[in-house]
Structure formats: C-alpha cells, structure tokens
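As structure tokens, the structure follows; a few thoughts come after it.
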Amino acid sequence: MTNGLELEVSKRRTFAIISHPDAGKTTLTEKLLLFGGAIRLAGTVKGRKANKHATSDWMEIEKQRGISVTSSVMQFDYEGHRVNILDTPGHQDFSEDTYRTLTAADSAVMLIDSAKGVEAQTKKLFQVCRMRGIPIFTFINKLDREGRNPFELLEELENLLGIRSYPMNWPIGSGKQFCGVYDRQKTQVELFQGDDHKQITVRKVEGYTDPLVQEIAGNFFYDQLAQDLELLDVAGDPFDMEKVLSGELTPVFFGSAINNFGVQTFLENFLQLAPSPEPRNSSQGKIEPLDNNFSGYVFKIQANMNPAHRDRIAFLRIVSGKFERGMTVKHVREGKNIKLAQPQQFLAQDRDIVEDAFPGDIIGLFDPGIFRIGDSLSQKGDIVFEELPTFSPELFCKVSVKNALKYKQYQKGIDQLTEEGMIQLFTTIGFEDTIIGVVGQLQFEVFEYRMKNEYGVDVQLHRTNFQFARWITGDKVDPAKFRINSQLVKDKKGNFVALFENEYAMRTAMEKMPDAKFLETAP
Ligand code: GDP
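For the sequence shown, UniProt numbering begins at 1 and goes up steadily by one.
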C-alpha cells in the first residue's frame, strides 16, 4: 500500500502558471496538454475563450461577459508523470481565488512576454509564491518576435522581483531568426524543426566553444551566442538546486509557445526539477503526503457551476493518503463524518467522476453549503491545516441594502459570502458602516449578483477611493490618526485594519506609528 502511494506521489507535479494577460498562458497550457497526449483537449483551452457561450454552464454573469469567473484544474500524463495544472484566471476576472489557488500548488511557472518583461499581474502573483517559498520556473515567451535583450530581462527579474536567475538555455537568434537554444546544463544545441516544430534536433557538444556549435548556429549568431554564454559563465549565478527549491533562484527557459519552440524541453526539465507534492503544516505538525491516512483542505469554493441547481463545488487539495470514492472522512470544523460520494476531477471544462486520487491532486466535492474555504478533511485525527492567508484587498465599496425590510436576508448573505471567502468584510468604527474589499472588480459584480439571486436582496454599492488595506498590530491604535485619506476599520475577527487612498497617506500613518506593524495579510 505504502509503495503504491509512494509511486503515485513521486509521479505527481502540481503547479500553477502565473503571468500577465496576453503573455501566452492559454497557448502554453494548450501545448503542454498536447504533449501530454491529451489530443482530445487540443482546442479546449482555446475554446474556453473563443466559444465561451456555447460551452459554459457556469454562472450567468460569466455567460454575459464571456469570461471565466473561477479557475479550473487540468490533468495530463507525460512520460511517467502525472501533471496537474492549476489555472489562475487573469484580467478582469482576477480575484482572491487566484491567490488562493496558488496555495494549492507546489511550484509555479512564471510566463513572461519577452517584449514586455515583468508586468503588474505577474508581480502580484509572484509575491504570493514568494511568500510561500515555492520554486518558480520562468518561461520567457514570444522569442519569435523582436523582444528585449535576454540579459535585460534577467536583470528585471532581479530588480523588480528580487529573484536571481539561472538560464537553463539561451536563445540562438531572435525574432524571425530564432531557431533554437543552447542547453547549458546538458551542453547541447537544440534546433526546432519540422512542420509543427515538434521535432527537436539535438546535437550534443563539448561546450559552446565546440566548433559544431559554430557550424550549427552560423557565424552570424555564433559570436553573439558565445559572448553571451561566456558572460553567463563568468558573471551569472551558479546552478543551485537548493536555492531553486526554496524559490531564491529561478531556472529560466526561452521559447515561443505558439510555435512550439522550447516547450517540450521546458516541460521535460521542469518535470525533473519541480518538486513532487509537498507536506502542509497543520495543528498536528507537518502532514506528509506519504502519510497513509487521507487528508486535504478546501482552497476554493465555486458557486452555481450548474445553474439548474444551487450546487457549489468545493475544490480540495489532497495532502496525504489515498482518496477513494465513497470513503467517509471527518469534516473537522463541523466535527462530523461525511461521505465523499460524488467527487469530480477537472479536465478543462469536462468534469469526470473520480474513483481514486492522490496527494497533489485536486478534487471537486459537491457542496450543499457545508464547506468553507480553509476547511480540513481528515480520515484520522482532527487535523486542521494552516489557515489560508487573507490577502490585502485593493478595491473597496460601501455596501447597503436597498430595501430595509430585507435587512435580515442581507445580513445573512453578507455573512455567508464573507465566510465563503467571496469578499472581505470590514466595519467602520463608530458608525458601523459596512465596507467590502476585493482584489478584482468582478468580485463586486459576482457579489451583487449572488446577493440578488441567492438571498433575494438588492444591494447598493458605493465605490470608495481606498486602494490599500493594512492590518495593524504591535501598538495602541488610535482612530484619530487615520482621518486624512485613510480610515480605521475592523475586519470580521475584530482586527484593526487601516484603509488608505494612496501610498502617501500610508507612509504618513507609518511615520506616526513607528512601533506598529502594517501587515499586508491578516495576522
Ligand atoms: P493569455 O492571455 O496569457 O492566455 O495569452 P494567449 O495564450 O491567449 O496569447 C495571447 C496572444 O499572444 C495570442 O494572440 C497568441 O496567439 C499570442 N502568442 C502566444 N504565444 C506566442 C508566441 O510564442 N509568439 C507570438 N508571436 N505570439 C504568441
């Protein structure tokens, strides 16, 4: 039994792709699925964007806007590995779910457009990965276009993100003349050839000074290539696996997702280097994946995936043991045993019933309203996994009920949606006004929609100018210090939180309270 579990765990890689919209995440995901032999899914990822109205049975709001409200999970097999890709929605549908999804990943792939470098959303998502200390692999995309100098891009990783890098390979030529990469680890030249460039011609060499490299790359590219590689050897960071695993050093790959340049090389290296499912901290210490008793935690709840029913799907990351359909486990917070009868696994939009699953896998549990984000399920003992962090919202609305007679339903809706993690709730001091905070605009719309559809309440939202929230600890908190372009509120647990309209107001408050800590996540 343990051996079987060990094998399943060692096979698995669970990761998220982090990027800014348009960097090529959909394209890369699709190519990865294709390499995984999931031909059936070839158009699925694309279809999700182009053909939303036909395929989506998700929320009405999603149909109206043609975007995906929440992220899904894709799974494929490749050369003895089982790969789980967690999709992190971008753009307008960016939400706290995106952050939480990252807590279910064991590593991240950071995708960067070679012409644009590190962009805003990449930076935000990177910071969450950094906080968790997970390994980050970088794929610099769109090398088939004129992009920025590779050295400049690496410098940007260091300056904007504070992460050192180790280029695993280096482009030969760029733009229209991009024809391959030099693999520094394996000392080989990889040329992308054939119709769909799936055919990689690999030529083993002695090093980049090998005359064969010159012959393959041609004189024109060779001088630049040799010069760059020499500089990397002399001035670049050495490869250090420990630093990769702790997220201090990112292995960098160059390629072009749409042309399939470098995708397979990337995938193979990634699968070698990325960690298998990692343990998670809990009230009972670290829970190891090889622990025979099944355990896991809910990191996301998706409402109304099927509008015909009011059902919700709770996404569970398996931490330890084997999951078997129909098994009975303890819902630790409720102190009750529950039977997991209809678990689902997610392949793009298709949902299949799963019979068994292992650490690193994500399963969807039918949720008649019994789960909250962060809930732990455990086969043995009252394991409570470490609480998921609450991330600092960036958009804030004052909220009130339109019809005072509906106050009770309004309160119930707000309480439940806050508990579910759909919004963050704050109360002003004195007037007890309600302010809700989110990280993406769409969350407001979904909130409004669900209040009306699930609780029958029309709400009024008044956008405020606040942009930052900081949890304040470590000093006596005086509301009088937060009057100009700022406001002191309390979160649902009674912690003090200061909201600021701009960085200047935040800095001023910090100067006034030198002994206080201003935290970006809830204490
Ligand atoms: P997402 O928003 O990150 O999911 O990005 P998409 O995968 O939808 O790609 C955005 C755009 O970039 C699309 O028009 C793609 O065809 C294009 N694209 C993706 N990869 C490449 C690439 O390697 N080279 C070029 N030139 N375009 C690419």
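Glycine residues also receive a C-beta, built at the ideal position from the N, C-alpha and C atoms.
What you are looking at is a predicted structure, and each value in this text was computed from that prediction instead of being measured.
#1: Just to confirm the assignment: which complete alpha helix (DSSP H) runs, minimum length 4, are found wholly within the stretch 224 to 288?
#2: Assuming D77 is part of the alpha helix (DSSP H), what are its boundary residues?
#3: Pop quiz: V329 and L340 are said to be a contact at Cβ under 8 Å. What is the actual Cβ separation, rounded to whole angstroms?
#4: Flag this pair as touching only if the stretch 471 to 487 and the stretch 504 to 514 have three or more C-beta atom pairs under 8 Å; answer yes or no.
#5: Between the C-alpha atoms of S392 and K517, what's the straight-line distance to the nearest angstrom?
#6: How is the alpha helix (DSSP H) around R13 delimited, first residue to last?
#7: Got a sec: does the ligand GDP put a non-hydrogen atom nearer than 7 Å to the Cβ of D87?
#8: Pull up the DSSP beta-bridge partners for Y166, would you.
#9: With DSSP collapsed to three states, give me the class of N84.
#10: According to DSSP, simplified to helix, strand and coil, what is M422?
#11: In this structure, does DSSP put L340 in helix, strand or coil?
#12: Out of Y455, D491, M510, point me to the one whose CA is closest to K481's CA.
#13: Classify F396 as helix, strand or coil using the three-state DSSP reduction.
#14: Mind checking which residues open and close the beta strand (DSSP E) that includes V354?
#15: If I follow the unbroken alpha helix (DSSP H) through L153, where does it start and stop?
#16: Output yes or no for whether 8 Å exceeds the beta carbon distance between K322 and F366.
#17: Would you call the stretch 366 to 385 in contact with the stretch 108 to 120, where contact means no fewer than 3 C-beta pairs closer than 8 Å?
#18: Name the DSSP beta bridge partners of L461, please?
#19: Alpha carbon to alpha carbon, how far is F137 from A348? Give it in angstroms, no decimals.
#20: How far does the alpha helix (DSSP H) with F518 in it reach, from first residue to last?
#21: Measuring from the CB of P479, is there a heavy atom of the ligand GDP at a distance below 7 Å?
#22: Which residues in the same chain have their Cβ closer than 6 Å to the Cβ of R463, if we skip the five residues on either side of it in sequence?
#23: Please tell me whether, using a cut-off of 7 Å, the distance from the CB of S19 to the nearest non-hydrogen atom of the ligand GDP is below it.
#24: Return the chain-ordered list of same chain residues with a C-beta closer than 6 Å to the C-beta of E156, the five sequence neighbours on each side being excluded.
#25: Looking at E278 and D106, is the spacing between their C-beta atoms short of 8 Å?
#26: Determine the burial state of E334: buried for a count of at least 16 other Cβ atoms within 10 Å of its Cβ, exposed for fewer.
#27: Here's a check: name, in chain order, each residue in its chain whose Cβ is nearer than 7 Å to the Cβ of M451, leaving out the five neighbours to either side.
#28: By Cβ distance below 6 Å, which residues in the same chain neighbour F468 in space, the five residues on each side in sequence not counted?
#29: Rounded to whole angstroms, what's the CA-CA distance from D237 to F426? Just pull it up for me.
#30: Where L153 and F294 are concerned, what is the direct C-alpha to C-alpha distance, given to the nearest angstrom?
#31: Could you check the C-alpha separation between P523 and S376 for me, to the nearest Å?
#32: Can you give me the C-alpha to C-alpha distance between L161 and G133, rounded to a whole angstrom?
#33: The ligand GDP and R145: does any heavy atom of the ligand fall closer than 7 Å to the residue's C-beta?
#34: What residue range does the beta strand (DSSP E) around R317 cover?
#35: Excluding sequence positions up to five away, which residues of its chain have a Cβ less than 7 Å from the Cβ of K286?
With the structure as the only source:
#1: 241 to 245, 263 to 273
#2: No alpha helix (DSSP H) contains D77, which is instead part of the beta strand (DSSP E) from 73 to 78.
#3: 6 Å
#4: yes
#5: 14 Å
#6: Careful: R13 lies outside any alpha helix (DSSP H), inside the beta strand (DSSP E) at 12 to 18.
#7: no
#8: P251
#9: strand
#10: coil
#11: coil
#12: M510
#13: strand
#14: No beta strand (DSSP E) holds V354; DSSP gives it neither H nor E.
#15: 150 to 156
#16: no
#17: no
#18: V399
#19: Bear in mind that a pLDDT of 41 at A348, under 50, signals an unreliable position, so the number given afterwards is only what the model happens to contain. Their Cα atoms are separated by approximately 23 Å.
#20: Not the alpha helix (DSSP H): F518 falls in the beta strand (DSSP E), residues 517 to 519.
#21: no
#22: C397
#23: yes
#24: G117, V118
#25: yes
#26: exposed
#27: G413, V457, V459
#28: F500, M506
#29: 45 Å
#30: 43 Å
#31: 20 Å
#32: 13 Å
#33: yes
#34: 312 to 320
#35: P279
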